[in-house]
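For what it's worth, the working numbering labels the leading residue of the sequence shown as 31, then goes sequentially.
Single-structure report; data block below.
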Amino acid sequence: MTNKDSEFLPAGFVPLRKRMGLSFRKKDDYLIRKFLLVSFVVLLQFLFCNEGLCRDWYVRPADSSGEEGDGTSTMRSWKGFRNIVWGDKGIREGDTLYLLPGIYHEQLRIKGSGKVENPVQIRCVAGGECIIDSGEKLRYLIYAKDVQHVVLSELTTRNAASAGIWFTGECTGITVKNCRSYNNKNYGIYFGNNKGTMRAIRIEGNDTFNNGQDDWGAGIFLRAAEQGLIEDVEIVENDCYDNIGRYGIGVYPNKGGQVCRVEVHGNTCYRNGRAGIEFSHNITDSSIHNNNCHHNGNTYPGAGIHVGGVKGASCSRIRIYSNECSHQIHQRKDGPGILVDDYTSHIEVSRNKTHQNEEAGIKLHNCSDITVFSNVVINNTTGITTPSARRYAIYNNNILGCPKYGVHIMRQPENVLLANNIIGMCLQAGIKYNGASRMNTNEKRNCFFTNTQDAITDTEGNSSGKDGIIGAPGFVNLEREDFRLVDGSPCLNSGIVVPNLIGFYGKNLGDRTKPNIGVYQGIGVPNAVKKLRFSSGFSRVETGLNLK
Numbered sequence: 031m032t033n034k035d036s037e038f039l040p041a042g043f044v045p046l047r048k049r050m051g052l053s054f055r056k057k058d059d060y061l062i063r064k065f066l067l068v069s070f071v072v073l074l075q076f077l078f079c080n081e082g083l084c085r086d087w088y089v090r091p092a093d094s095s096g097e098e099g100d101g102t103s104t105m106r107s108w109k110g111f112r113n114i115v116w117g118d119k120g121i122r123e124g125d126t127l128y129l130l131p132g133i134y135h136e137q138l139r140i141k142g143s144g145k146v147e148n149p150v151q152i153r154c155v156a157g158g159e160c161i162i163d164s165g166e167k168l169r170y171l172i173y174a175k176d177v178q179h180v181v182l183s184e185l186t187t188r189n190a191a192s193a194g195i196w197f198t199g200e201c202t203g204i205t206v207k208n209c210r211s212y213n214n215k216n217y218g219i220y221f222g223n224n225k226g227t228m229r230a231i232r233i234e235g236n237d238t239f240n241n242g243q244d245d246w247g248a249g250i251f252l253r254a255a256e257q258g259l260i261e262d263v264e265i266v267e268n269d270c271y272d273n274i275g276r277y278g279i280g281v282y283p284n285k286g287g288q289v290c291r292v293e294v295h296g297n298t299c300y301r302n303g304r305a306g307i308e309f310s311h312n313i314t315d316s317s318i319h320n321n322n323c324h325h326n327g328n329t330y331p332g333a334g335i336h337v338g339g340v341k342g343a344s345c346s347r348i349r350i351y352s353n354e355c356s357h358q359i360h361q362r363k364d365g366p367g368i369l370v371d372d373y374t375s376h377i378e379v380s381r382n383k384t385h386q387n388e389e390a391g392i393k394l395h396n397c398s399d400i401t402v403f404s405n406v407v408i409n410n411t412t413g414i415t416t417p418s419a420r421r422y423a424i425y426n427n428n429i430l431g432c433p434k435y436g437v438h439i440m441r442q443p444e445n446v447l448l449a450n451n452i453i454g455m456c457l458q459a460g461i462k463y464n465g466a467s468r469m470n471t472n473e474k475r476n477c478f479f480t481n482t483q484d485a486i487t488d489t490e491g492n493s494s495g496k497d498g499i500i501g502a503p504g505f506v507n508l509e510r511e512d513f514r515l516v517d518g519s520p521c522l523n524s525g526i527v528v529p530n531l532i533g534f535y536g537k538n539l540g541d542r543t544k545p546n547i548g549v550y551q552g553i554g555v556p557n558a559v560k561k562l563r564f565s566s567g568f569s570r571v572e573t574g575l576n577l578k
């Protein structure tokens, strides 16, 4: 306390620390703060985790040796799931149920709920492996209906007649993390309801594989049907692979059900029967970002990421950004990196990298109000293809090395903008128009280089650059995919300003004076760096272009 500070204090004022005989030394202050912090933590433990409120319980396989216990210790563990006690005399809010290592051949039915600050936790004892395996005799291995605030972790489910983990009814605050679920007939992890609401669901760090058969099933699946609603869901950092039914991750409301505010990010989805990640039917206000989807479509027409609706149940206001999608397989049709399909609107596709897909890098089919910008699209059969187009803005993309076309506009488009794209090294045309499709396309300031045939062709035989640049864009290092522009590049400060045509996704990076042609510098390919907050409280990751 300075002399100046003392001018504003009453006469005879003595600081509390001095009255208590406490030192003003920094070391002593640190020790006092540490003591108070530890005391506070101990107090919280006493209030919320004392003998009456927070307990540990234990269960072991039913076919294990030993006598039946009361579940209060490893030596006195319950013998089999059927003997677990829930409620006032057993597991309740704040408690943890530990499964002892071994193989369980019965269903674990969750009958208790927790609270936000005191969830019920169910997990395997540290260092062990807890496997629930019915040999396809049980439909669901872990089953829960109408439960709240439950955390499920470190468990393995396999060989279910339907799903390894199944949550249904009105559930809130459910977390499934670090579990393995495989060889199940339909689903690894399933959340679904026909009425009521599921909300605040987190599915994190799970390993789901070889689930599904007979053209149905998924590693992770969300379904709301009839009067059901699922909202505020985060599906993050899961590995979903070899799910031969359909999807690595599927979000699929139907028959009037609704899903909103779903965030799918940081997942790796590969070698799945149809799509790595599927959004279908009535889904709104959601995002798919920072995922790696490759080699999907093994058994059915597939895609890395597929967003599509049906008549009367459309997908809208969805962002697909900062994903990497490669090597999708063409099975009779499809096989794109990213497919935006029927009955979708107000979709953003941005900052993705799609490469070596057997069809298009990005395919837009029978949808409307779509913005596609700042994507790196390399070595796909066609870069971006639009079988039908209504109110599209395709701008500031790098589209390179296509065996066919850089951009293929089919049928009669309606209000399409093609601007500020760099299109090069395509074995046929940079832009291909079918019929009179060029008449309704606003084509401005694209850069074309080393396309084997023409910059632009249409069925009338016309070819030209049409207000574009013909010549090398001047990348720093094309072989290393360093797409920064060197000084003197014809693409620097020579694009057009792209208006914010859709507006739902926030600030449009094209709203500036004299933008460059090609991807926006410093953003694009997945490389997680910056965390934001999602409206539901979940984290969102923005990424930057990994430039050498």
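Positions of the beta carbon are idealized from the N, C-alpha and C atoms, including for glycine.
Since the model is a prediction, treat every value here as computed from it, not as a measurement.
Quick one: using the 10 Å Cβ neighbour count with 16 as the cut-off for buried, is SER103 buried or exposed? For this step, residue 103 is matched to residue 73 along the sequence shown. Label assigned to SER103: exposed.
Between SER310 and the rest of its own chain, which residues show a CB-CB distance below 6 Å, the 5 nearest in sequence each way excluded? Counted from its first residue, the sequence shown places residue 310 at position 280. The answer, listed in chain order, is TYR282 and GLY338.
Could you pull the start and end residues of the beta strand (DSSP E) that LEU508 belongs to? As a first step, residue 508 must be located in the sequence shown, where it is residue number 478. Where LEU508 is concerned, there is no enclosing beta strand (DSSP E), given that its DSSP letter is neither H nor E.
Give a yes or no on whether 7 Å exceeds the smallest Cβ distance from THR314 to chain D. The structure shown contains no chain D, having only a single protein chain.
Are the Cβ atoms of CYS201 and VAL177 separated by less than 7 Å? Along the sequence shown, one-based indexing puts residue 201 at 171. Along the sequence shown, one-based indexing puts residue 177 at 147. Contact flag set, yes.
Nearest to GLU389 by CA position, among SER317, ILE408 and ILE161, is which residue? Start at 1 with the first residue of the sequence shown, and residue 389 comes out as number 359. Nearest option by C-alpha distance: ILE408.
For GLY454, which residues in the same chain have their Cβ closer than 6 Å to its Cβ, ignoring the five residues on either side in sequence? Locating residue 454 in the sequence shown gives position 424, counting from the first residue. So the list reads LEU430, PHE479 and THR480, once near-sequence residues are dropped.
Who are the near neighbours of ARG106 in its chain, counting only those whose CB is closer than 7 Å to its CB and skipping five residues on each side? As a first step, residue 106 must be located in the sequence shown, where it is residue number 76. So the qualifying residues of the chain are GLY99 and ASP100.
Cross-strand partners of GLY338 (DSSP beta bridge): Locating residue 338 in the sequence shown gives position 308, where the first residue counts as 1. Answer is SER310.
Mind listing, in chain order, the continuous beta strand (DSSP E) runs of no fewer than 3 residues lying wholly within the region 200 to 270? 202 to 207, 210 to 212, 217 to 234, 237 to 239 and 248 to 266
Kindly indicate the opening and closing residues of the beta strand (DSSP E) around TYR128. What you label residue 128 is simply residue 98 of the sequence shown in a count that begins at 1. From DSSP, the beta strand (DSSP E) with TYR128 extends over 126 to 129.
DSSP on GLY454, reduced to helix/strand/coil? Here residue 454 refers to the residue found at position 424 of the sequence shown. Three-state DSSP puts GLY454 in a strand.
Give the secondary structure of LEU515 by DSSP, where H, G and I count as helix, E and B as strand, and everything else as coil. In the sequence shown, residue 515 corresponds to position 485, counting from 1. It is a strand residue.
Starting from the Cα of GLY501, find the closest Cα among ASP163, CYS521 and GLN483 and give me that residue. Residue 501 sits at position 471 when you count from the first residue of the sequence shown. Among ASP163, CYS521 and GLN483, the Cα nearest to that of GLY501 is on CYS521.
Give every residue of the same chain whose Cβ lies closer than 6 Å to the Cβ of MET469, excluding the five residues on either side of it in the sequence, and list them in chain order. Taking the sequence shown and counting its residues from 1, one reaches residue 469 at position 439. Counting only Cβ-Cβ distances below 6 Å, and skipping sequence neighbours, we find nothing.
Look at the alpha carbon of ASP512 and the alpha carbon of ASN428, and state the distance between them as a whole number of angstroms. For the purposes of this step, residue 512 is identified with residue 482 of the sequence shown, where counting begins at 1. For the purposes of this step, residue 428 is identified with residue 398 of the sequence shown, where counting begins at 1. Their backbone Cα atoms lie some 11 Å apart in a straight line.
When you compare only the Cα positions, how much space is there between VAL206 and ASN148? The residue you call residue 206 lines up with position 176 of the sequence shown. The residue you call residue 148 lines up with position 118 of the sequence shown. So the alpha carbons of these two residues sit roughly 16 Å apart.
Distance between GLY334 and THR600 (C-alpha atoms, nearest Å): No answer is possible for residue 600: the residues shown for the chain start at 31 and end at 578.
Exposed unless 16 or more other CB atoms sit within 10 angstroms - verdict on GLU293: For the purposes of this step, residue 293 is identified with residue 263 of the sequence shown, where counting begins at 1. When all chains shown are included, GLU293 counts as buried.
Kindly list the residues whose CB is nearer than 6 Å to the CB of SER566, restricted to its own chain and excluding five residues on each side of it in sequence; keep chain order. Translated into positions along the sequence shown, residue 566 becomes position 536. Residue placement at SER566 is flagged as unreliable, the pLDDT there being 28, under the threshold of 50; the coordinate-derived value follows with that caveat. For SER566, where only same-chain residues beyond five positions count, the Cβ hits under 6 Å are ASP262 and ARG291.
If you run the structure through DSSP and keep just helix, strand and coil, what is ASN297? Sequence index remark: in the sequence shown, residue 297 carries index 267 (1-based). In this structure, ASN297 counts as coil in the three-state DSSP scheme.
If I'm right that TYR425 touches PHE403 with Cβ under 8 Å, what's the distance once you round it to whole angstroms? For the purposes of this step, residue 425 is identified with residue 395 of the sequence shown, where counting begins at 1. For the purposes of this step, residue 403 is identified with residue 373 of the sequence shown, where counting begins at 1. Contact flag correct, Cβ pair sits at about 5 Å.
PRO584: buried (16+ other C-beta within 10 angstroms of its C-beta) or exposed? Outside the shown range of the chain, which is 31 to 578, sits residue 584, and nothing can be said about it.
If you follow the beta strand (DSSP E) that VAL181 is in, where does it begin and where does it stop? By 1-based counting over the sequence shown, the position of residue 181 is 151. From DSSP, the beta strand (DSSP E) with VAL181 extends over 178 to 183.
Beta-carbon proximity check, GLU264 vs ARG232, cutoff 7 Å: For the purposes of this step, residue 264 is identified with residue 234 of the sequence shown, where counting begins at 1. For the purposes of this step, residue 232 is identified with residue 202 of the sequence shown, where counting begins at 1. Closer than 7 Å, so yes.
Closest to ASP371 by CA distance: which of HIS336, HIS357, GLN386 and ASP163 is it? Counting from one through the sequence shown, the residue named residue 371 turns up at place 341. Checked all of HIS336, HIS357, GLN386 and ASP163; the closest Cα to ASP371 is HIS336.
For VAL146, count the other beta carbons within 10 Å of its own beta carbon; 16 or more makes it buried, fewer makes it exposed. Which is it? Taking the sequence shown and counting its residues from 1, the one referred to as residue 146 is at position 116. With fewer than 16 other Cβ atoms within 10 Å, it is exposed.
From LEU369 to GLY332, what does the alpha carbon distance come to, in whole angstroms? Your numbering for residue 369 matches position 339 in the sequence shown. Your numbering for residue 332 matches position 302 in the sequence shown. Their Cα atoms are separated by approximately 9 Å.
DSSP bridge partner residues for HIS447 (one or two, in chain order): Stepping through the sequence shown from its first residue, residue 447 is reached at position 417. The amino acid occupying residue 447 in the given sequence is Leu; His does not appear at that position. Looking at the DSSP assignment, LEU447 forms a beta bridge with ALA423 and ASN472.
For TYR220, collect the residues of the same chain with a Cβ closer than 6 Å to its Cβ; drop the 5 residues on either side in sequence, then sort them by chain order. Indexing the sequence shown from 1 puts residue 220 at position 190. Cβ neighbours of TYR220 beyond the five flanking positions: ALA193, TRP196 and PHE251.
Under DSSP, the beta strand (DSSP E) around GLU389 begins and ends at which residues? Position 359 of the sequence shown, counting from 1, holds the residue named residue 389. No beta strand (DSSP E) holds GLU389; DSSP gives it neither H nor E.
Go ahead and label ASN326 buried or exposed: buried means 16 or more other beta carbons lie within 10 angstroms of its beta carbon, across all protein chains shown. Taking the first residue of the sequence shown as position 1, residue 326 is located at position 296. Burial call: buried.
Alpha carbons only, please: which of LYS215, TYR128 and GLY306 is nearest the one belonging to TYR170? In the sequence shown, counting from the first residue as 1, residue 170 sits at position 140. With distances taken between Cα atoms, TYR170 lies closest to LYS215.
CA-to-CA distance, ALA423 to CYS397, given in whole angstroms: One-based indexing of the sequence shown puts residue 397 at position 367. One-based indexing of the sequence shown puts residue 423 at position 393. Those two C-alpha atoms are separated by around 12 Å.
Cβ-based neighbour list, VAL446, same chain, cut-off 6 Å, excluding 5 preceding and 5 following: The count along the sequence shown starts at 1 and reaches residue 446 at position 416. The answer, listed in chain order, is ALA419, TYR422 and THR471.
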